[in-house]
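Chemist: Before anything else, here's the structure in question.
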Amino acid sequence: MAISVIGYAAASATSELAPYRFERRDPRGDDVVIEILYCGVCHSDLHIARNDWGGALYPVVPGHEIVGRVTALGKDVTRFKIGDAVGVGCLVDSCRDCEDCEHGQEQYCENKVFTYNSIDPKDGSLTQGGYSKTIVVSDRFVLKVPKGIDLKGAAPLLCAGITTYSPLRHWLADENDKVAIIGLGGLGHMGLKLAKAFGAEVTLFTRSPGKEEDAKRLGADHVVLSTDEKQMAAVKGKFDLIIDTVPYDHDLNPYIPALSVNGTLVLVGYLGPLGTPLNTAPLVLQRKAVGGSLIGGLPETQEMLDFCAEHGITADVEVIAMADINKAYERLLKSDVKYRFVIDMATLKA
Ligand code: NAP
Ligand code: ZN
């Protein structure tokens, strides 16, 4: 008998999210059944609900920053017990067999299964995310939420946290490196906190005047208004790593001069063709690179959660009721959030 679950779904690219009842599978031997307590609201949820990237499968229950408690376990699960605080991020399965899976970078597996908007190859079902009361996930894709960490503030670590942690781990050589983050939103504010905790000198690039005080509180040593040519010129050649979290098409060329020789600009936000072509000359002439990065694998996500617990890092959140999700999306589009909405799932009545 499948588990009947209430959630919030978008029925099409133009409809608001509304209550939606659906079924989760009965737990298999390796499954963990989780009562969802909190779910963060990522800009990707909005991109998929509104089909910004194409390929949305409706109805879609978004949500991949999930924190909850274990309520039941398949017979083969030994890593968890009932009552444990656990997390689920953007992935709920992968092939488990390819080189990427073997190296714990399941996010690059060709056959990964996203938490929502994916077809689960094991049973052909459409996966549905964390804007719901319960989720059933194979234990390999369930994270341990370290003891003592605030659960509301931990939820955004499962996507915003790991998406900024992973490029820092991959590209930062040492604590003398200089890091910049573009965009102070959900990902950006985690980027500032994490880069600071790595010991780097941290700069925020923002298009919004007035974010300086917050940015400094969150870990930025410097703030550069990206629309001010003088401020941009003053950071020429400075950064070993720039992490770009902007969700929409934008001109990358103004940021390239700010990279040092050998520096890398890593895109984690916008997916798609650039409206303004990238000038390759400064890349070639100074061995600079432009790259990309997707979330992180399961071992790295656990490492990030443990790192955050050790350094006292959680997201700055505004807790909302499930019924306020449509208003939250409108505010997210205006960058009117400090700095992550988190849904309190107790507000969704079964
Ligand atoms: P968010 O909270 O909306 O923050 C985005 C920030 O980017 C804004 O606060 C704003 O900062 C800046 N910005 C927004 N629109 C802009 C525009 N049109 N031009 C220039 N700057 C703009 O979004 P988020 O949740 O952090 O997500 C950011 C992006 O990352 C989304 O596209 C999301 O889908 C993607 N994402 C990727 C991964 C991955 O694995 N690679 C994982 C999660 C999310 P300022 O006002 O400071 O400029
Ligand atoms: Zn996300």
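If you're matching positions, the sequence shown starts at 2 in the working numbering and goes up one per residue.
Cβ atoms here follow ideal geometry from the backbone N, Cα and C, with glycine treated the same way.
Being a predicted model, the structure only gives us computed values, none of them experimental.
1. Which full runs of the alpha helix (DSSP H) of 4+ residues lie inside the region 249-306, going along the chain?
2. Counting only the same chain and skipping the five closest in sequence on each side, list residues whose C-beta sits under 6 Å from that of residue 280.
3. Compute every distance between the C-beta of residue 208 and the non-hydrogen atoms of the ligand NAP, then say whether any falls below 7 Å.
4. Shorter than 7 Å, the distance from the beta carbon of residue 44 to the closest heavy atom of the ligand NAP, or not?
5. Please classify residue 249 as buried or exposed, where buried requires at least 16 neighbouring CB atoms within 10 angstroms.
6. On the criterion of 16 or more Cβ atoms from any shown chain inside 10 Å, does residue 1 qualify as buried, or is it exposed?
7. Check residue 380 in the structure and name its three-state DSSP category.
8. For residue 274, count the other beta carbons within 10 Å of its own beta carbon; 16 or more makes it buried, fewer makes it exposed. Which is it?
9. So, at 8 Å on beta carbons, what are the nonlocal neighbours of residue 78 in its own chain, with the 5 sequence-adjacent residues on each side left out?
10. Expressed to the nearest angstrom, what Euclidean distance is found between the alpha-carbon atoms of residue 322 and residue 68?
11. In chain order, what residues of the same chain lie with their CB nearer than 6 Å to the CB of residue 11, ignoring the 5 residues before and after it?
12. Tell me, please, whether the region 291-305 touches the region 315-331 by the rule of three or more beta-carbon pairs shorter than 8 Å.
13. Using 8 Å for Cβ pairs, my map puts residue 226 next to residue 207. What's the rounded Cβ distance?
14. Less than 6 Å between C-beta atoms, sequence neighbours within five positions excluded: which residues of the same chain meet that for residue 164?
15. Tell whether a beta-carbon distance below 8 Å holds between residue 144 and residue 87.
16. Can you tell me which of the three DSSP states residue 142 falls into?
17. By DSSP, does residue 13 sit in helix, in strand, or in coil?
18. Are the beta-carbon atoms of residue 96 and residue 160 separated by less than 8 Å?
19. Under 7 Å: does the beta carbon of residue 160 sit that close to some heavy atom of the ligand ZN?
20. At a cut-off of 7 Å, is residue 40 close to the ligand ZN when judged by its beta-carbon and the heavy atoms of the ligand?
21. Can you grab the Cα-Cα spacing for the pair residue 337 / residue 261, in whole Å?
22. With respect to 7 Å, is the separation between the Cβ of residue 266 and the closest non-hydrogen atom of the ligand NAP below this value?
23. Thinking C-alpha only, which one of 258, 218, 241, 204 is nearest residue 230?
24. Compute the beta-carbon to beta-carbon distance between residue 35 and residue 136, rounded to the nearest angstrom, for a pair I have assumed lies under 8 Å.
25. Mark residue 177 as exposed unless 16 or more other C-beta atoms lie within 10 angstroms of its C-beta, in which case mark it buried.
26. Residue range of the alpha helix (DSSP H) that residue 192 falls in?
27. Can you tell which of 38, 285, 349 has the C-alpha that lies nearest to the C-alpha of residue 155?
Modeler: Let me spell this out:
1. 282-286
2. Taking the sequence shown and counting its residues from 1, the one referred to as residue 280 is at position 279. 254.
3. Here residue 208 corresponds to residue number 207 of the sequence shown, with the count starting at 1. Answer for residue 208: yes, Cβ within range of the ligand NAP.
4. Here residue 44 corresponds to residue number 43 of the sequence shown, with the count starting at 1. Residue 44: yes, Cβ under 7 Å from the ligand NAP.
5. For this step, residue 249 is matched to residue 248 along the sequence shown. Flag for residue 249 reads exposed.
6. No information on residue 1 is available, as it lies outside the stretch 2 to 351 that the chain covers here.
7. In the structure as shown, the chain starts at 2 and stops at 351, and residue 380 therefore has no counterpart that could be examined.
8. Position 273 of the sequence shown, counted from the start, is the residue given in the question as residue 274. Residue 274 should be labelled exposed.
9. As a working mapping, residue 78 is identified with position 77 in the sequence shown. Same-chain partners within the cutoff: 30, 31, 32, 33, 140.
10. Position 321 of the sequence shown holds residue 322. Position 67 of the sequence shown holds residue 68. Computed Cα separation, rounded: 16 Å.
11. Counted from its first residue, the sequence shown places residue 11 at position 10. Once the five neighbours on either side are set aside, the close Cβ partners of residue 11 are 18, 50, 61.
12. no
13. Sequence index remark: in the sequence shown, residue 226 carries index 225 (1-based). Sequence index remark: in the sequence shown, residue 207 carries index 206 (1-based). Yes, they are in contact, since the Cβ atoms of residue 226 and residue 207 sit about 7 Å apart, within 8 Å.
14. Counting from 1 along the sequence shown, the entry for residue 164 is found at position 163. These residues qualify, in order along the chain: 188, 269, 296.
15. To locate residue 144, count along the sequence shown from 1; it is residue 143. To locate residue 87, count along the sequence shown from 1; it is residue 86. Yes; because the gap between Cβ atoms is below 8 Å, this pair is in contact.
16. The residue you call residue 142 lines up with position 141 of the sequence shown. In the structure shown, residue 142 sits in a helix (DSSP, three-state: H, G or I).
17. As a working mapping, residue 13 is identified with position 12 in the sequence shown. DSSP places residue 13 in coil when its eight states are reduced to three.
18. Taking the first residue of the sequence shown as 1, we reach residue 96 at position 95. Taking the first residue of the sequence shown as 1, we reach residue 160 at position 159. It is not a contact, given that the beta carbons lie outside the stated cut-off.
19. Counting from 1 along the sequence shown, the entry for residue 160 is found at position 159. It does: the Cβ of residue 160 is within 7 Å (strictly closer) of some heavy atom of the ligand ZN.
20. Numbered from its first residue, the sequence shown carries residue 40 at position 39. Not under cutoff, so the answer is no.
21. To locate residue 337, count along the sequence shown from 1; it is residue 336. To locate residue 261, count along the sequence shown from 1; it is residue 260. Taking the straight line from one Cα to the other gives about 33 Å.
22. Within the sequence shown, the letter at position 265 stands for residue 266. No, since every heavy atom of the ligand NAP falls outside the 7 Å radius drawn around the Cβ of residue 266.
23. Looking up residue 230 in the sequence shown gives position 229. Taking only the C-alpha atoms, the option nearest residue 230 is 258.
24. Translated into the one-based positions of the sequence shown, residue 35 becomes position 34. Translated into the one-based positions of the sequence shown, residue 136 becomes position 135. Yes, residue 35 and residue 136 are in contact; Cβ-Cβ is about 5 Å, under 8 Å.
25. For the purposes of this step, residue 177 is identified with residue 176 of the sequence shown, where counting begins at 1. It counts as exposed.
26. Here residue 192 is taken as the residue at index 191 of the sequence shown, counted from 1. Residues 187-198.
27. For the purposes of this step, residue 155 is taken as residue 154 along the sequence shown, with counting starting at 1. Nearest option by C-alpha distance: 38.
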